[in-house]
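S.K.: Residues in the sequence shown are numbered consecutively from 1073, following the working numbering. Note that beta-carbon positions come from the ideal geometry of N, C-alpha and C, so glycine has one too.
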Amino acid sequence: MWKSLTFRIWLPFTLSVFMMGSIIGFYYPESQKEVMVANKKTQLANLAKTVALGIELNFTIGDETKSLEGIQKTLEWAGRENDVDYIAIETLGENGEKEMFLERFFSDTISDLFENDHEFMYSDADFNTEIFKGRIIVSASSKQVKKQVWNLNKKVYLFLAVIFFVISLAFYFLARLLSSPLKMLRTTTNALINKQYKTQIITSRFSSEEVSALASSISALRDTLIKEKDNNEQILANLEQLVEKRSHSLKEAQQVAKLASFEWDTEADRVYGVNEFFDNYTSRKINNRVQTGESFYSTIHPNDVKSVKTALLNLLEQGGEKVLEYKLHTTEKRPQFIELHAKTKRENDSVMLFGTVRDKTAQVETERLKENFTKELEREIKKKTEDLLNSENELYHRMETLNQVAMVLEFNTEGTITYSNEHFCKVLEFNESDIVGTIFTDLISTQQREETSKGIWDEIEAGNTWRGELVAESGQKNDVWLIVSVVPFLSVSGEIDKYVVVSFDITDEKDLQHQLELSLSKERELSDLKSHFISMASHQFRTPLSIIQSNSELLNMVIQKESKSTLKNNLLKSSERITSEIARMTQLMDDVLILGKIGSSYLQPNPKKVDLVLILSDIKDQSDIIYPEGRCLNLEIVGETKIAFLDEKLIRHVFENIISNAFKYSLETNPFVLLTFKSESIIVSVEDKGIGIPKADIEKLFQPFYRA
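#1: Check each candidate in GLN1676, SER1751, VAL1758 and ALA1716 and name the one with the smallest Cα separation from ASN1706.
#2: Do you know whose CA, among GLY1535, THR1748, GLY1702 and ILE1691, lies nearest HIS1725's CA?
#3: Whole angstroms are fine: how far does the CA of SER1517 sit from the CA of GLY1547?
#4: Return yes when the Cβ of PHE1409 is within less than 8 Å of the Cβ of THR1371, no when it is not.
#5: Which term fits GLY1427, buried or exposed, when burial requires 16 or more other beta carbons within 10 angstroms of its beta carbon?
#6: Ignore the nearest five residues each way along the sequence and tell me which others in SER1505's own chain have a CB closer than 7 Å to its CB.
#7: Under the rule that 16 or more other beta-carbon atoms within 10 Å means buried, what is PHE1512, buried or exposed?
#8: Can you tell me the Cα-Cα spacing of THR1638 and PHE1744, whole angstroms?
#9: Out of curiosity, what's the CA-to-CA distance linking GLY1391 and ARG1440?
#10: Using the Cα positions of TYR1446 and VAL1558, report the straight-line distance between them to the nearest angstrom.
#11: Let me know if ILE1298 comes out buried or exposed under the rule of 16 or more other beta-carbons within 10 Å of its beta-carbon.
#12: Closest to ILE1631 by C-alpha separation, out of LEU1293, GLN1587 and ASN1642, would be which residue?
#13: Excluding the 5 residues preceding and the 5 following ASP1577 in the sequence, name in chain order all residues of the same chain whose CB lies nearer than 8 Å to its CB.
#14: Buried or exposed for ASP1583, going by 16 or more other Cβ atoms inside 10 Å?
#15: On a CA-only basis, which of TYR1737, VAL1685, SER1379 and THR1416 is nearest LEU1747? Give me that one, please.
#16: Assuming ALA1414 is part of the beta strand (DSSP E), what are its boundary residues?
#17: Hey, how far is the Cα of GLY1509 from the Cα of LEU1481?
#18: Quick check on DSSP: helix, strand or coil for LEU1773?
#19: Quick one: using the 10 Å Cβ neighbour count with 16 as the cut-off for buried, is LEU1430 buried or exposed?
#20: With contact counted as at least three CB pairs below 8 Å, one residue from each stretch, are the segment 1753–1768 and the segment 1723–1739 in contact?
#21: What does a CB cutoff of less than 6 Å around GLY1365 pick up in its chain, not counting 5 residues either side in sequence?
#22: Determine, using beta carbons only, whether ILE1687 and ILE1723 come nearer to each other than 8 Å.
#23: For the candidate residues PRO1677, LEU1590, ILE1568 and THR1658, whose alpha-carbon lies nearest to that of ILE1619?
#24: Report the residue ranges of all beta strand (DSSP E) runs contained in full by the segment 1436–1501; include only those spanning at least 3 residues, in chain order.
#25: Tell me the DSSP bridge mates of LEU1554?
#26: At what residues does the alpha helix (DSSP H) containing LEU1705 begin and finish?
#27: Could you name the residues that DSSP lists as bridge partners for SER1333?
#28: Is TYR1398 helix, strand or coil by DSSP?
#29: Helix or strand or just coil, what does DSSP make of GLY1762?
#30: Going by DSSP, what residue range makes up the beta strand (DSSP E) through THR1748?
#31: How long is the line joining the alpha carbons of ASN1375 and TYR1369, rounded to whole angstroms?
#32: Going by Cα to Cα distance, which pick from HIS1401, PRO1407, ASN1420 and LYS1394 is closest to HIS1413?
#33: Sorted by chain position, which residues of the same chain lie with C-beta nearer than 6 Å to LEU1373's C-beta, five sequence neighbours on each side aside?
#34: Use the C-beta contact count for ALA1768: other C-beta atoms within 10 angstroms, 16 or more gives buried, fewer gives exposed.
#35: Using the Cα positions of SER1563 and GLU1752, report the straight-line distance between them to the nearest angstrom.
#36: Leaving out five residues before and five after GLU1411 in sequence, what residues of the same chain have Cβ atoms less than 6 Å from its Cβ?
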């Protein structure tokens, strides 16, 4: 039996499995870190065995409510069957920190342990959405522990014996199946070896060709299997990469679109995926986490809750899919809009609601901005249309007015007249039929036609407007002066389409201008004659005045020799009067000569640096001599003295004229002259106590020889 290949394979393997099972069975009750998942498929007996031995139970409560009930029933069983000293529950909070709660064990506290709201416990509603991890440490009395260990060992050994017996039988039959091919392979190998060393062996029932073919087939099959395995592994790796790439692309697309999926189990009333959407794809943070339908509805703006509820209830009843849009309920002023695309899926009697949620705020704001822009554009178009109609109406009235006062003509690019208004025909004494069809330049008089026509065409063909005066021939061959503007009109393509001529009859103005020119010519002749007369008269008057002046000086010399004082004083007084009158006459002649030069435009100023203080002081001294009756000129100077840039002769003449008038028309008081120097100007003011100048005569002060 030992030589049997089946027995050789089965016996060692069975013994190895049995020994491993014994070791596991022996050490299993002493294990301190057995991990068990409490869900609806967990056997309460296994959990009870672990608890009864006083070991640590690491557990995870999933989404099934029955998991919590399973642990509760297990602890109740442990309390009834064992002398338990205490129960310690250690939990892991959401932030990873450990929290410990100790509870003395007795039967009526089992339910309280899971119903009371302890620090480390979640509420019943939270067990359906959160993962609750921790461990339960149950300590029992030593006597009860030993008893339970022995009871557990018997049960474990019996259980393992049955399991391992079944496994050994399975391996036995497997060894029988493998013994024949292996025996054949061994025989073939020996035959090949013996043949190589030329050793005589017992011929097998297989020929060497068959063995060789079988070996080749096995080798080829092995290579094929290895190759297929490699290909399958490569295909699997490629598929994994593709899935990972597609998942990454989908995630990026969701991030770009601010899109996330959700599920709503209506039977358990649990919503999944919405919290991740709010955390990852919105800038709004809601106050409460979404776990149930009501908590989901609390995230919707109160104005939209009713419509969303109605739509989702109809969807659950009727099936299909719907797209909803609503406003998020947040404390921020700026609203945020959500688009919910939902579908229904029925499994047995339950209905699942699933779909996507997307942040639609940017799109809604863009649409509203577009809508506002469209409304604003419509208002602007309406306003522009009204303005255009008003402009057209105004243009129409202007054209009507223009046709009443202006001569309008149109001609094409060839120069042929295509339109003429009534006023044009009336002024030139033509009928419209006589003008339309003729050449525009033929209307110009023969004296100007050649030169003017060339200038007009050169300007308007370049796209510019020609403006000027020309003489046109009327139907009666009379010359009519016109002021003309020729404007090129462009087509849509930008090329010149036609020319419009707007002209005004200025014949009367030209006649008046000619008369004015004749009058101006005569006036200039008279002005020249007046200037010549003044110049000649001044020259002629100076000769006798010079003779009188020289005789007066000789008379003064004779008077100085007179011995009689009374006669001498009388003669000197008369001589001084003669000298004074000669000076006054000379001044008058100078004034007349200056006025003559001003009137004939011959006077040219000769500005240079002038000291006004010196000029006014000199005039003051002369005035004191001319007016010896105790009258004098009062001169006051204010500010820092400055040099002015003036014509000394003209400014002296101005001051002498004004001051002499002040003496002449202010007989009782002395004239007062105030010379004020400022930073950028010099002010000279003359004050007297005369009768003044009427306001109506002030504008005529600069007219020659005018007296107020």
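M.R.: Taking the structure as given:
#1: VAL1758
#2: ILE1691
#3: 12 Å
#4: no
#5: buried
#6: none
#7: buried
#8: 37 Å
#9: 32 Å
#10: The displayed chain sequence assigns Thr, not Tyr, to residue 1446. So the alpha carbons of these two residues sit roughly 43 Å apart.
#11: exposed
#12: ASN1642
#13: MET1479, VAL1499, VAL1552, TRP1553 and LEU1554
#14: exposed
#15: VAL1685
#16: 1409–1419
#17: 12 Å
#18: coil
#19: The sequence as given places Arg at residue 1430; Leu does not occur at that position. When all chains shown are included, ARG1430 counts as buried.
#20: yes
#21: ASP1341
#22: yes
#23: THR1658
#24: 1479–1483 and 1489–1492
#25: LEU1542 and ASP1577
#26: Careful: LEU1705 lies outside any alpha helix (DSSP H) and carries neither H nor E.
#27: THR1428
#28: strand
#29: coil
#30: 1744–1749
#31: 12 Å
#32: LYS1394
#33: In the sequence as presented, Leu is not what sits at residue 1373; that position holds His. LYS1399 and HIS1401.
#34: exposed
#35: 59 Å
#36: GLU1397, ARG1430 and LYS1432
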